[in-house]
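Student:
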Amino acid sequence: MCTNGKTAAKERKKQELPRHAGSSAAMQRSPVDKLPFTLGDIKKAIPPHCFRPSVIKSFSYWSTTSPLPWASCTLLCHRRHHANTGSMENDEVYVAKKKSALPWYTPYVFGNPVGRLVYIVLQLTLAWPLYLGFNLSGQPYPCFTSHYDPYNPLFSDQECIQVLILDAGILAMLFALYKLMAAFGFWWVVRLYGVPLLILNALFILITYLHHTHWALPQYDSSEWQWLRGSLSTIDHDYGILNHVLHNVTDTHVLHHLFPTMPHYHEMEATKAMRPILGEYYKLDPTSIVKATWREAKECMYVEPGNCNGIYWYNKKF
83 MCTNGKTAAK ERKKQELPRH AGSSAAMQRS PVDKLPFTLG DIKKAIPPHC FRPSVIKSFS
143 YWSTTSPLPW ASCTLLCHRR HHANTGSMEN DEVYVAKKKS ALPWYTPYVF GNPVGRLVYI
203 VLQLTLAWPL YLGFNLSGQP YPCFTSHYDP YNPLFSDQEC IQVLILDAGI LAMLFALYKL
263 MAAFGFWWVV RLYGVPLLIL NALFILITYL HHTHWALPQY DSSEWQWLRG SLSTIDHDYG
323 ILNHVLHNVT DTHVLHHLFP TMPHYHEMEA TKAMRPILGE YYKLDPTSIV KATWREAKEC
383 MYVEPGNCNG IYWYNKKF
């Protein structure tokens, strides 16, 4: 841990945001010193009513949100992600790779604009189904891993039945789509179901990718990782009018990792209340989403150790 003043000072030498990165304001790397606050300190700064759900308001949001067939498996792994955010050994999604773990062709693909553009398009269109089906970009396991397989390392024995129910629901949905195609044609189903699903998947990947992939966020190995430090290794983004449309999942993600059971309709108020406590440990990137996506694909290829043992930062140099 960077408790030594000279070591911490070395880390801060790299903190100014590069001008080409597209941010409207200077940003610094997250501090890696010992946290000067506790989770209890943060909670005390938030109005108590923010933690209390309203049955009427919650039901009004639930009634306008369509149930998703893959929700069960993602919720199971999402709990594990929340328990291990920022951990290079135990996190479940967007696990940062060391330079030595990258395939040989990485600098040729990501080192030119065409390769990066192809990567972004493939990521937005295929990353979600590939993650569910083959655990792409997830924590590596020694055996084949799929979110549809109830007997793989992703799930405990107690969660097996939930995954089986999920699989049954997906099969039922596939049968329903088959009947719709038989009745109305393939392209009718593509227009009314396939295209909206593709947009939803792309938006989901975009939001989560930008929340957890940023040059200013540290990643920790087991010698330095602590739950609160890892939970703060996330960043909020401003999506403009889409913030409200998406229930502010875009610009309250840091708080969501600290208090995941808080109703989303209180998260903006709670975020504003906790920011004075977090100080430089809270990150909000004002960069436009298009520029941020391009920047992370270019700048965040792998992680390497900084001046503090056990703490890693994104890099792009080969």
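Residues 83 to 400 (the working numbering) are what the sequence shown spells out, left to right. Ideal Cβ placement from N, Cα and C applies to all residues, glycine included.
Suppose contacts are defined by Cβ-Cβ distances below 8 Å. Is D318 in contact with L366 by that definition?
Tutor: A contact, by the Cβ cut-off of 8 Å.
Student: My guess is that T295 and E378 are in contact by the Cβ rule of under 8 Å, so how many angstroms apart are they, rounded?
Tutor: With 8 Å as the limit, T295 and E378 qualify as a contact, their Cβ atoms being about 5 Å apart.
Student: Assuming C132 contacts E351 under a Cβ cut-off of 8 Å, what Cβ separation, rounded to an integer in Å, is found between them?
Tutor: At roughly 6 Å, the Cβ-Cβ gap stays under 8 Å, so C132 and E351 are in contact.
Student: By how many angstroms is the C-alpha of Q221 removed from the C-alpha of Y302?
Tutor: Roughly 14 Å between the two C-alpha positions.
Student: Among the residues of its own chain, which have a CB less than 8 Å from the CB of C225, if the five just before and after it don't count?
Tutor: For C225, where only same-chain residues beyond five positions count, the Cβ hits under 8 Å are N234, P235.
Student: Alpha carbon to alpha carbon, how far is D115 from E174? Give it in angstroms, no decimals.
Tutor: Their backbone Cα atoms lie some 25 Å apart in a straight line.
Student: Is the CB-CB distance between L206 and L288 below 8 Å?
Tutor: It is a contact, given that the beta carbons lie within the stated cut-off.
Student: Comparing alpha-carbon positions, which option in L204, I247, V336, A298 lies nearest V385?
Tutor: Ranking L204, I247, V336, A298 by Cα distance to V385 puts A298 first.
Student: Quick one: what's got a C-beta closer than 7 Å to W210's C-beta in the same chain, skipping five residues either side?
Tutor: Closer than 7 Å at Cβ, skipping near neighbours: N283, F286, I287.
Student: Note down the Cα distance separating V331 from H164, rounded to an integer number of angstroms.
Tutor: One C-alpha to the other measures close to 15 Å.
Student: Go through its chain and collect everything with a Cβ distance to P232's Cβ below 7 Å, but skip five positions before and after it.
Tutor: If we look at P232 and ignore the five residues flanking it on each side, its Cβ neighbours are C242, V245, L246.
Student: Go ahead and pull the three-state DSSP assignment for Q301.
Tutor: DSSP places Q301 in strand when its eight states are reduced to three.
Student: Which partner residues of I393 appear in the DSSP bridge assignment?
Tutor: DSSP output for I393 lists Y302 as bridge partner(s).
Student: Just verifying my parser: in three-state terms, what is the DSSP assignment at V385?
Tutor: Strand at V385.
Student: Taking the CB atoms as reference points, tell me whether T334 and T353 lie closer together than 8 Å.
Tutor: Cβ distance < 8 Å, so T334 and T353 count as in contact.
Student: Roughly how many whole angstroms lie between the Cα atoms of M344 and T120?
Tutor: When rounded, the distance between both Cα atoms is 18 Å.
Student: By the three-class DSSP mapping on this structure, what secondary structure does S106 have?
Tutor: Caution applies to S106, whose pLDDT of 41 falls short of 50 and renders its modelled position unreliable; the value that the coordinates give is listed next. Here S106 sits in coil by DSSP.
Student: To the nearest angstrom, how far is it from the Cα of P135 to the Cα of P342?
Tutor: P135 and P342: Cα-Cα distance of roughly 13 Å.
Student: Mark F192 as exposed unless 16 or more other C-beta atoms lie within 10 angstroms of its C-beta, in which case mark it buried.
Tutor: Classification of F192: buried, given that the 10 Å Cβ count is 16 or more.
Student: Where does L214 sit, in a helix, a strand or coil, going by DSSP?
Tutor: Note: L214 maps to helix in three-state DSSP.
Student: Within its chain, find whatever has a CB closer than 6 Å to the CB of K399; leave out the 5 residues flanking it on each side and keep chain order.
Tutor: Cβ within range, chain order: n/a, list empty.
Student: Would you say Y176 and S228 are within 8 Å of each other, going by their C-beta atoms?
Tutor: No, the Cβ-Cβ distance between Y176 and S228 is not below 8 Å.
Student: Output the distance between the C-alpha atoms of P368 and M109, rounded to the nearest integer angstrom.
Tutor: Taking the straight line from one Cα to the other gives about 10 Å.
Student: Can you check the segment 354 to 378 for any alpha helix (DSSP H) of at least 4 residues that lies completely inside it and give the ranges in chain order?
Tutor: Correct list: empty.
Student: Looking at the unbroken alpha helix (DSSP H) that takes in N283, where does it start and where does it end?
Tutor: Segment 277 to 294, the alpha helix (DSSP H) holding N283.
Student: Helix, strand or coil for D231? Go by DSSP, reduced to three states.
Tutor: Coil.
Student: Relative to the C-alpha of A355, which candidate in R198, A127, P387 has its C-alpha closest?
Tutor: When only C-alpha atoms are compared, the closest one is A127.
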